[in-house]
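In the working numbering, the protein residues as written are 1002 to 1137.
For every residue, glycine included, the Cβ atom is placed at its ideal position computed from N, Cα and C.
Each remark here refers to the structure printed beneath this line.
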């Protein structure tokens, strides 16, 4: 990221993580999702980036990981931006049939993700989930 010059940086105030998130645009008008985790909460970010790379290699529709590193504010992960609408806002506008079809399609994503073995160092799910809840 130090080599990239952003022409715009817009905060994103959604999601469950404690990360700061931004939609950033480079000089060539390429958009990225920039996630910055404070150093004191960044213990597993390298593993997270590696898991994202593995998930992307399975063809999962997601923000593809581009770069991982450190910056003044903490640890960052740069991902390709996906244009679209927030599902939380859009889904209620869809018919039951459309919602069902998207639900079926979305159900295949965890199936692919679960084909990736968890790292040996993976923290217990309940502890991780409760920490995320504490951040909300």
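The residues 1075 and 1076, in chain order, have a CB closer than 6 Å to that of residue 1043 in the same chain once the five nearest residues on each side in sequence are set aside. In this structure the segment 1065-1072 touches the segment 1045-1057; the number of beta carbon pairs closer than 8 Å is three or more.
DSSP places residue 1059 outside any beta strand (DSSP E), giving it a letter other than H or E. Distance check between residue 1084 and each of 1026, 1122 and 1070 places 1026 closest, using alpha-carbon atoms only. Residue 1011 is bridged by DSSP to 1024.
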